[in-house]
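If you're matching positions, the sequence shown starts at 125 in the working numbering and goes up one per residue.
Where a beta carbon is used, it is the ideal one built from N, C-alpha and C, also for glycine.
All values derive from a computational prediction rather than experimental measurement.
Here is the structure we will look at.
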Amino acid sequence: MNEIVHKTMGQQSGRRSWAEPWKIKMVEPLRTTSRAEREKALVDAGHNTFLLHSDDVYIDLLTDSGTSAMSDRQWAGMMLGDEAYAGSRNFYHLEQAIQKHYGYEYIVPTHQGRGAEHLISQTAIRKGQYVPGNMYFTTTRLHQELAGGIFVDVIIDEAHDPSNLHPFKGNVDLAKLEALIRQQGAANIAYVSLATTVNMAGGQPVSMANVKALRELCDRHKIRLLLDATRLVENAYFIQEREAGYAGKSIAEISREFCGHTDGAWSSAKKDSLVNIGGWLAVNDWTLFEELRNLVVVYEGLHTYGGLAGRDMEAMAIGIEESMQDQHVHSRIGQVRYLAELLQDWGIPMVLPVGGHAIFLDARACYPQVPQSAFPAQTLAAELYLDSGIRSMERGVVSAGRDPATGDHHYPKLELTRLTIPRRVYTQAHMDVIAESVKAVYDARGAARGLKMVYEPKYLRFFQARFEPL
Ligand code: P61
Numbered sequence: 125m126n127e128i129v130h131k132t133m134g135q136q137s138g139r140r141s142w143a144e145p146w147k148i149k150m151v152e153p154l155r156t157t158s159r160a161e162r163e164k165a166l167v168d169a170g171h172n173t174f175l176l177h178s179d180d181v182y183i184d185l186l187t188d189s190g191t192s193a194m195s196d197r198q199w200a201g202m203m204l205g206d207e208a209y210a211g212s213r214n215f216y217h218l219e220q221a222i223q224k225h226y227g228y229e230y231i232v233p234t235h236q237g238r239g240a241e242h243l244i245s246q247t248a249i250r251k252g253q254y255v256p257g258n259m260y261f262t263t264t265r266l267h268q269e270l271a272g273g274i275f276v277d278v279i280i281d282e283a284h285d286p287s288n289l290h291p292f293k294g295n296v297d298l299a300k301l302e303a304l305i306r307q308q309g310a311a312n313i314a315y316v317s318l319a320t321t322v323n324m325a326g327g328q329p330v331s332m333a334n335v336k337a338l339r340e341l342c343d344r345h346k347i348r349l350l351l352d353a354t355r356l357v358e359n360a361y362f363i364q365e366r367e368a369g370y371a372g373k374s375i376a377e378i379s380r381e382f383c384g385h386t387d388g389a390w391s392s393a394k395k396d397s398l399v400n401i402g403g404w405l406a407v408n409d410w411t412l413f414e415e416l417r418n419l420v421v422v423y424e425g426l427h428t429y430g431g432l433a434g435r436d437m438e439a440m441a442i443g444i445e446e447s448m449q450d451q452h453v454h455s456r457i458g459q460v461r462y463l464a465e466l467l468q469d470w471g472i473p474m475v476l477p478v479g480g481h482a483i484f485l486d487a488r489a490c491y492p493q494v495p496q497s498a499f500p501a502q503t504l505a506a507e508l509y510l511d512s513g514i515r516s517m518e519r520g521v522v523s524a525g526r527d528p529a530t531g532d533h534h535y536p537k538l539e540l541t542r543l544t545i546p547r548r549v550y551t552q553a554h555m556d557v558i559a560e561s562v563k564a565v566y567d568a569r570g571a572a573r574g575l576k577m578v579y580e581p582k583y584l585r586f587f588q589a590r591f592e593p594l
């Protein structure tokens, strides 16, 4: 009789296992549904996972935004909320945490990332100016366009190829940026919009060498370099792992050094910073700060709360501190990789190298029979939900929206379905269940036909669009 040998995942990969640097104090029950219930829920939601009720979802991989589990220290911090309208002590804690870890001088809190994007776009872009960036992000580009800016993608070509193994697929192509400056003139560039990591490319990092070179180029042309620091600590992990000279530096040291090459940043604290709501803007230039501080009172709230409760700012200050700890980031990205390894063993196509916050399934490769106009990534998200109640997100032609000049669909090269891993929420057993469901959907890939869009909202259509099966 053959002896069955059970191996841990670490042993299977020829290494010692890692484990989460925390234990669980409180649990939230999950609800399972029958296939018939899911079929009805999906039709009611117009085949759009954003429109599902979360009560109908089993494992929620829609996003890592605002879905993290807070620590006991963060919850304790919530009880220390100073809900004064002006000058809350929690604001000063937040200010100190951002100054310490990101290194900028002047801080403006906002209710979340897009609140910050709105303010920076309105203050730093003049109508008709260009805004070069390392791939678009939906809300970032929309706010730049609403301020009259014209977004130009200057990411390296490798980022648009799901199987290219470049270690820093988030890098800016300096030649593309130089060409834009030459054609349009430096005065017509509002700023360079740099994101770490690059969400739509698959959570791909930017190297320290790239941001240094960008700094030099921007100085030469007197152009501002502004950072979307939403997933900066995950970016720092990849620098520590892959870039010469950084293996011995901490995530906190690398993050701070990275910011030091930029003029300012904004962040959705709902990601790296381990809170359910919050965001901020931070700059070194007093004049820009004055404008931001003035505008925040119009749209968000006073400049010492920016649309947040005092308790939210306290949780954010503590979350920033926790997010910079090496063990935390290692286990966060380790969990994403664990799931990726299972899927790769089964030959499931995905964006490689695997990024920091999610696995991006290559829907075009899964469903070669579904044309991009029939929304392969939206179809894959719907099929995964039907199989197991796991909720994922489309990141393809629906997310890309329409060109404001021509009104045509943008057809991105990347047609992806994102399995986003919330921080400190799910266990390794959940990862196993997810992998098995993705495999079941992949095994049935030949039957997929695609979808047609039957309702399309004007802004950020992917959130509320409705679809029907073809
Ligand atoms: C996400 F489907 N991201 O990834 P706010 N910059 C970056 C983000 O990732 C980001 C924001 C700014 C989300 C939520 C979301 O198309 C979508 O706090 C790099 O969400 O306002 C947000 O920060 C905006 C999901 C946003 C989407 C837009 O799931």
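Original post:
For ARG250, which beta-bridge partners are listed by DSSP?
Top reply: As a position in the sequence shown, residue 250 is number 126, starting the count at 1. When DSSP reads this structure, ARG250 sits in no beta bridge, so it has no partner.
Original post:
Helix, strand or coil: how does DSSP classify LEU543 here?
Top reply: Position 419 of the sequence shown, counted from the start, is the residue given in the question as residue 543. Strand.
**OP:** Counting only runs of 3+ residues fully inside the region 292–374, write out the beta strand (DSSP E) ranges in chain order.
**Re:** At a cut-off of 3 residues, the continuous stretches assigned as beta strand (DSSP E) that sit fully inside the region 292–374 are 316–319 and 349–352.
Subject >> Contact belief for TYR550 with ARG162 at Cβ below 8 Å, rounded distance in angstroms >> reply: Against the sequence shown, residue 550 aligns to sequence position 426. Against the sequence shown, residue 162 aligns to sequence position 38. Contact doesn't hold; Cβ gap of about 19 Å is too wide.
Subject >> Bridge partner(s) assigned by DSSP for LEU538 >> reply: For the purposes of this step, residue 538 is taken as the residue at position 414 of the sequence shown. DSSP, once it has assigned bridges, lists no residue as partnering LEU538.
Original post:
Can we count THR386 as close to ligand 1, meaning its CB is less than 7 Å from some heavy atom?
Top reply: Residue mapping note: residue 386 aligns to position 262 of the sequence shown, counting from 1. For ligand 1, not one heavy atom lies less than 7 Å from the Cβ of THR386.
Original post:
With a cut-off of 8 Å, do at least 3 Cβ pairs link the region 214–227 to the region 244–261?
Top reply: no
Original post:
Is the region 389–401 in contact with the region 428–444, if contact means three or more CB pairs nearer than 8 Å?
Top reply: yes
Original post:
In angstroms, rounded to a whole number, what distance separates the CA positions of ASP450 and TRP390?
Top reply: Counting from 1 along the sequence shown, the entry for residue 450 is found at position 326. Counting from 1 along the sequence shown, the entry for residue 390 is found at position 266. Taken atom to atom, the span from the alpha-carbon of ASP450 to that of TRP390 is near 22 Å.
Subject >> CB-CB length for SER516 against THR173, believed under 8 Å >> reply: The count along the sequence shown starts at 1 and reaches residue 516 at position 392. The count along the sequence shown starts at 1 and reaches residue 173 at position 49. With 8 Å as the limit, SER516 and THR173 qualify as a contact, their Cβ atoms being about 6 Å apart.
**OP:** May I ask which residues mark the beginning and end of the beta strand (DSSP E) holding SER611?
**Re:** No answer is possible for residue 611: it lies beyond the span of the chain, which begins at 125 and ends at 594.
Original post:
Three-state secondary structure (DSSP) at LYS563?
Top reply: What you label residue 563 is simply residue 439 of the sequence shown in a count that begins at 1. Of the three classes helix, strand and coil, the one that applies to LYS563 here is helix, per DSSP.
**OP:** For THR411, count neighbouring Cβ atoms within 10 angstroms of its own Cβ and tell me buried if that reaches 16, exposed if not.
**Re:** Your numbering for residue 411 matches position 287 in the sequence shown. Under this definition THR411 is an exposed residue.
Subject >> Beta-carbon contacts of VAL85 that lie in its chain and below 6 Å, excluding the five residues immediately before and after >> reply: One cannot answer for residue 85 here, as it falls past the ends of the chain, which runs 125 to 594.
**OP:** Would you kindly report the start and end of the unbroken alpha helix (DSSP H) that includes TRP404?
**Re:** Mapped onto the sequence shown, residue 404 falls at position 280. Segment 403–407 is the beta strand (DSSP E) holding TRP404; no alpha helix (DSSP H) there.
Original post:
How would you label ASP532, buried or exposed, when you count the other beta carbons within 10 angstroms and need 16 or more for buried?
Top reply: As a working note, residue 532 is residue 408 in the sequence shown. Label assigned to ASP532: exposed.
Original post:
Does DSSP classify PRO145 as helix, strand or coil?
Top reply: Working through the sequence shown from its first residue, we reach residue 145 at position 21. Of the three classes helix, strand and coil, the one that applies to PRO145 here is coil, per DSSP.
Original post:
So HIS481 packs on GLY327, CB below 8 Å; how close in whole Å?
Top reply: Here residue 481 refers to the residue found at position 357 of the sequence shown. Here residue 327 refers to the residue found at position 203 of the sequence shown. Correct: roughly 5 Å between the Cβ atoms.
Subject >> Inter-residue Cα distance where the pair is ILE483 and GLU207 >> reply: On the sequence shown, position 359 is the one that residue 483 refers to. On the sequence shown, position 83 is the one that residue 207 refers to. Linking ILE483 to GLU207 through their CA atoms gives a straight-line distance of about 39 Å.
**OP:** Count the other CB atoms, across all protein chains shown, that sit within 10 Å of the CB of ALA310; report buried if there are 16 or more and exposed otherwise.
**Re:** Reading the sequence shown from its first residue, position 186 is the one you call residue 310. Classification for ALA310: exposed.
Subject >> Between the CA atoms of LEU476 and LEU594 - distance to the nearest angstrom >> reply: By 1-based counting over the sequence shown, the position of residue 594 is 470. By 1-based counting over the sequence shown, the position of residue 476 is 352. Those two C-alpha atoms are separated by around 30 Å.
Original post:
Can you name the residues that DSSP bridges to LEU166?
Top reply: The residue labelled residue 166 in the question sits at position 42 within the sequence shown. None, per the DSSP bridge assignment.
Original post:
Where does TRP470 land, buried or exposed, given buried means 16+ other C-beta within 10 angstroms?
Top reply: Residue 470 sits at position 346 when you count from the first residue of the sequence shown. Classification of TRP470: exposed, given that the 10 Å Cβ count is below 16.
Original post:
For TYR566, which option in GLU592, MET437, PRO473 and VAL460 has the closest C-alpha, if you only look at C-alpha atoms?
Top reply: Locating residue 566 in the sequence shown gives position 442, counting from the first residue. Closest by alpha carbon: PRO473.
Subject >> ALA505 burial status per 10 Å Cβ neighbour count (16 or more: buried) >> reply: Position 381 of the sequence shown holds residue 505. By the neighbour-count rule (16 or more Cβ atoms within 10 Å), ALA505 is buried.
Original post:
Touching or not, the region 192–212 and the region 528–543, by the rule of three or more beta carbon pairs under 8 Å?
Top reply: Judged by pairs of C-beta atoms under 8 Å, the region 192–212 does not touch the region 528–543, as fewer than three such pairs exist.
Subject >> Cβ neighbour criterion (16 or more within 10 Å) applied to GLN459 >> reply: Here residue 459 refers to the residue found at position 335 when the sequence shown is read from its first residue. It is buried - the Cβ of GLN459 has at least 16 other Cβ atoms within 10 Å.
Original post:
So what does DSSP say about VAL276, is it helix, strand or coil?
Top reply: In the sequence shown, counting from the first residue as 1, residue 276 sits at position 152. Here VAL276 sits in strand by DSSP.
Subject >> Own chain partners of ASN312 with C-beta closer than 7 Å, once the 5 adjacent residues on each side are dropped >> reply: Here residue 312 corresponds to residue number 188 of the sequence shown, with the count starting at 1. GLN253 and TYR254, listed in sequence order.
**OP:** Confirm, please, whether the CB-CB distance from LEU426 to ASP387 is below 8 Å.
**Re:** In the sequence shown, counting from the first residue as 1, residue 387 sits at position 263. In the sequence shown, counting from the first residue as 1, residue 426 sits at position 302. Judged by their CB atoms, ASP387 and LEU426 are not nearer to each other than the 8 Å cut-off.
Original post:
Excluding five sequence neighbours on each side, which residues of the same chain lie with their C-beta closer than 6 Å to the C-beta of GLY434?
Top reply: In the sequence shown, the residue the question calls residue 434 occupies position 310. Cβ within range, chain order: GLY205, ASP206, GLU207, SER212 and ASN214.
Original post:
Beta carbon of PHE362: closer than 7 Å to some heavy atom of ligand 1?
Top reply: By one-based count along the sequence shown, residue 362 stands at place 238. Every heavy atom of ligand 1 is 7 Å or more from the Cβ of PHE362, so no.
Subject >> Nearest candidate by alpha-carbon position, reference ILE274, set LYS149, PRO581 and TYR315 >> reply: Position 150 of the sequence shown holds residue 274. In terms of Cα proximity to ILE274, the closest of LYS149, PRO581 and TYR315 is TYR315.
**OP:** Would you kindly work out how many angstroms separate the C-alpha atoms of LEU186 and GLY520, rounded to a whole number?
**Re:** Mapped onto the sequence shown, residue 186 falls at position 62. Mapped onto the sequence shown, residue 520 falls at position 396. Between LEU186 and GLY520, the C-alpha separation is close to 14 Å.
Original post:
Can you find a heavy atom of ligand 1 that lies under 7 Å from the Cβ of ASP352?
Top reply: Along the sequence shown, read from residue 1 onward, the residue named residue 352 stands at position 228. For ASP352, the Cβ falls inside the 7 Å cut-off from some heavy atom of ligand 1.
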